[in-house]
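Residue numbers (my numbering): 130 to 691. We treat Cβ as the ideally placed atom computed from N, Cα and C, and that holds for glycine. Only a predicted model underlies this, so the values are computations on that prediction, with no experimental measurement involved. The structure appears right after this line, and notes come after that.
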């Protein structure tokens with residue numbers, strides 16, 4: 130049986146328990162200050178001492194495979210075992226433990242690892258990643274065993290080439306080990322030299338070519354952090370790896386590639402926890418297609434921390450949806466709340482108004498960390514709502530007034546938010562019937578006449594796009610809902626229909642559905658012409674915080690985000 134220790138059971142301070150397997154990759158996500166990094170520190174400290182206090186992690190249990198003899202053999206083969214005053218001890222990473230104590234700690238089933246955790250768990254933060262890229266001390270390959278990743282790299286040509294290929298994909302240059310640099314083993318970056326005829330890697334001529342390259346330690350933090358993390362993940366005896374903010378110092382494409390690489394190249398028998406603030410890291414992890422990926426969203430309320438897991442089956446289902454895979458929707462797991470809009474233009478306008486009004490009065494309470502996103506139309510809103518709610522992300526919806534025109538997708542939106550459609554159906558029917566009964570902008574005869582005019586102007590053998598769009602506009606004007614979308618709530622007949630409409634909108638607000646009462650987003654600034662992106666681009670030039678015409682928009686957005 131292979132030797133391994135792993136976190137088998139974890140309980141958060143809010144009482145949420147999770148069980149893990151020895152090869153799992155657990156990605157911890159959540160809004161700022163939710164406790165993602167603190168969770169890793171809690172795991173690290175409680176692996177050694179279960180009494181260690183931590184505001185996020187309440188307790189954990191450790192799984193073990195293999196015998197103490199397997200552990201002793203591994204440590205002995207790596208040079209960790211020494212004899213001090215006739216007593217056998219394990220020495221590594223600046224710590225030591227007597228073999229008798231190590232045997233006791235290994236054999237207590239489910240309990241903490243104690244001092245053994247320093248041998249079997251590694252916590253890699255941003256600073257440590259930079260340090261790992263620095264030159265290592267040289268060692269005797271005959272009389273000593275390697276004790277750090279670069280020393281392992283010196284002995285393993287295939288590992289060096291594999292890490293170099295990964296490095297090249299991120300930075301378009303090679304990662305090269307200098308094997309004859311005296312008392313150090315430095316890493317260089319640049320085109321890998323090829324030994325000429327009669328040369329090998331220890332030849333003076335080849336060494337000169339190596340030293341024409343650039344030292345990794347003198348490069349930017351991005352290169353150094355990326356290389357250091359590759360080394361930490363690919364080399365070493367630790368079976369539990371804790372990685373905090375792997376995206377630090379990296380641009381988005383490199384972060385996404387790193388996320389995929391962390392999972393794809395993880396050795397068997399190693400459990401990995403990744404705490405990240407980056408949607409690019411998360412997308413990269415999901416790109417790996419690993420069945421061992423576990424996504425855990427963490428939320429904090431006061432002194433309690435709760436978690437929700439997106440299981441692998443659900444991850445696969447969501448990631449195969451092109452809407453989610455090629456959008457920023459998954460970034461919602463890093464926010465306290467997400468507002469789903471119909472279009473990108475809508476989302477940009479509402480987000481801009483929200484930003485402009487966030488700090489109007491210093492005495493106002495802190496506004497939650499809100500993300501505005503879009504889904505390319507009403508019909509896709511329920512899909513996004515269900516996906517985000519599944520990972521415990523609070524969601525609200527903004528939709529134009531004509532969402533009341535049909536039972537779908539309004540019913541699907543309500544049910545995706547946890548509402549009961551039958552509680553709203555009667556009021557909705559009243560509103561729809563009252564608007565359907567109103568006279569449309571164009572009669573049937575007027576529709577026919579206007580379409581006939583469009584058709585008479587067509588001379589091309591292929592039906593023109595402009596003509597098709599003109600006919601579609603005419604047809605929309607044949608329905609009173611075309612006017613309702615432009616006018617909004619004032620188009621609802623007076624009396625009982627208006628009272629019913631106000632009641633329905635209040636109930637929808639309570640569920641998290643905010644219908645634009647001025648009809649559509651363009652109704653908030655009718656002095657500006659255009660539609661969609663063109664309208665938004667012009668409106669954003671206004672003083673969003675003080676412009677009198679935008680008062681209704683400010684009130685609406687404040688009601689949505691409060």
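{"query": "Classify residue 589 as buried or exposed, calling it buried when 16 or more other Cβ atoms lie within 10 Å of its own Cβ.", "result": "exposed"}
{"query": "Which residue's Cα is closest to the Cα of residue 317: 507, 547 and 265?", "result": "265"}
{"query": "Cβ atoms of residue 346 and residue 263: under 7 angstroms apart, would you say?", "result": "yes"}
{"query": "Could you give the DSSP three-state label for residue 161: helix, strand or coil?", "result": "coil"}
{"query": "What does the Cβ neighbour count give for residue 359, buried or exposed, with the cut at 16 atoms within 10 Å?", "result": "buried"}
{"query": "Mind pulling the alpha helix (DSSP H) runs of 4 or more residues that sit fully within the segment 379 to 404?", "result": "381 to 393"}
{"query": "Of all the options 463, 291 and 296, which has the alpha carbon lying nearest to the alpha carbon of residue 354?", "result": "296"}
{"query": "Could you tell me which of 400, 619 and 209 sits nearest to residue 649, measuring between CA atoms?", "result": "619"}
{"query": "Hey, which unbroken runs of the beta strand (DSSP E) at 3 residues or more fall wholly within the segment 188 to 249?", "result": "210 to 213, 216 to 221 and 224 to 227"}
{"query": "Would you mind reading off the limits of the beta strand (DSSP E) that contains residue 478?", "result": "Where residue 478 is concerned, there is no enclosing beta strand (DSSP E), although the alpha helix (DSSP H) it sits in stretches over 473 to 486."}
{"query": "Considering only C-alpha positions, which residue in the set 485, 460 and 392 is nearest to residue 675?", "result": "485"}
{"query": "Are the segment 449 to 459 and the segment 169 to 185 in contact at 8 angstroms, needing three or more beta carbon pairs?", "result": "no"}
{"query": "Spatial neighbours of residue 646 within its chain, please: CB distance less than 6 angstroms, with the 5 preceding and 5 following residues excluded, ordered by chain position.", "result": "617 and 618"}
{"query": "What's the gap between the Cα of residue 470 and the Cα of residue 546?", "result": "14 angstroms"}
{"query": "Run through the segment 504 to 548 for me and flag every whole alpha helix (DSSP H) of 4 or more residues, listed as ranges in chain order.", "result": "510 to 519 and 536 to 545"}
{"query": "What's the C-alpha gap between residue 427 and residue 459?", "result": "15 angstroms"}
{"query": "Would the beta-carbon of residue 403 fall within 7 angstroms of that of residue 369?", "result": "no"}
{"query": "Could you pull the DSSP bridge partners for residue 303 from this structure?", "result": "319"}
{"query": "Rounded to whole angstroms, what's the CA-CA distance from residue 357 to residue 332? Just pull it up for me.", "result": "28 angstroms"}
{"query": "In the structure shown, what three-state DSSP assignment does residue 134 receive?", "result": "strand"}
{"query": "Could you tell me the alpha carbon to alpha carbon distance between residue 668 and residue 407, rounded to whole angstroms?", "result": "31 angstroms"}
{"query": "Checking 7 angstroms against the spacing of the C-beta atoms, do residue 481 and residue 662 come in under that value?", "result": "no"}
{"query": "Would you grab the beta carbon distance between residue 267 and residue 312 for me? Rounded to a whole angstrom, and I think it's under 8 angstroms.", "result": "5 angstroms"}
{"query": "Please name the residue in 171, 299 and 500 whose C-alpha comes closest to that of residue 190.", "result": "171"}
{"query": "Please identify the residue among 520, 515, 518 and 527 whose C-alpha is closest to the C-alpha of residue 502.", "result": "527"}
{"query": "According to DSSP, simplified to helix, strand and coil, what is residue 451?", "result": "helix"}
{"query": "Any idea which residues DSSP pairs residue 139 with across the strands?", "result": "147 and 189"}
{"query": "My parser needs the alpha helix (DSSP H) runs of 4 or more residues fully inside the segment 619 to 672; what are they?", "result": "625 to 640 and 662 to 668"}
{"query": "Measure the beta-carbon distance from residue 148 to residue 397 and round it to whole angstroms, keeping in mind my assumption that it falls under 8 angstroms.", "result": "At roughly 20 angstroms, the Cβ-Cβ gap does not stay under 8 angstroms, so residue 148 and residue 397 are not in contact."}
{"query": "Throw me the rounded Cβ distance for the residue 154 and residue 389 pair, which I believe falls under 8 angstroms.", "result": "The pair is not a contact, with the Cβ atoms about 11 angstroms apart (cut-off 8 angstroms)."}
{"query": "Any chance you could list the beta strand (DSSP E) runs of at least 3 consecutive residues sitting entirely within the segment 249 to 312, in chain order?", "result": "250 to 253 and 303 to 306"}
{"query": "So the candidates are 499, 132 and 387; which of them puts its Cα closest to the Cα of residue 690?", "result": "499"}
{"query": "Helix or strand or just coil, what does DSSP make of residue 364?", "result": "coil"}
{"query": "Taking the alpha helix (DSSP H) that residue 686 belongs to, which residues open and close that run?", "result": "680 to 690"}
{"query": "Output the distance between the C-alpha atoms of residue 418 and residue 442, rounded to the nearest integer angstrom.", "result": "11 angstroms"}
{"query": "Between residue 535 and residue 640, which are expected to be in contact by the criterion C-beta below 8 angstroms, what is the C-beta distance as a whole number of angstroms?", "result": "Between residue 640 and residue 535 the Cβ distance is about 18 angstroms, and since that is not below 8 angstroms, they are no contact."}
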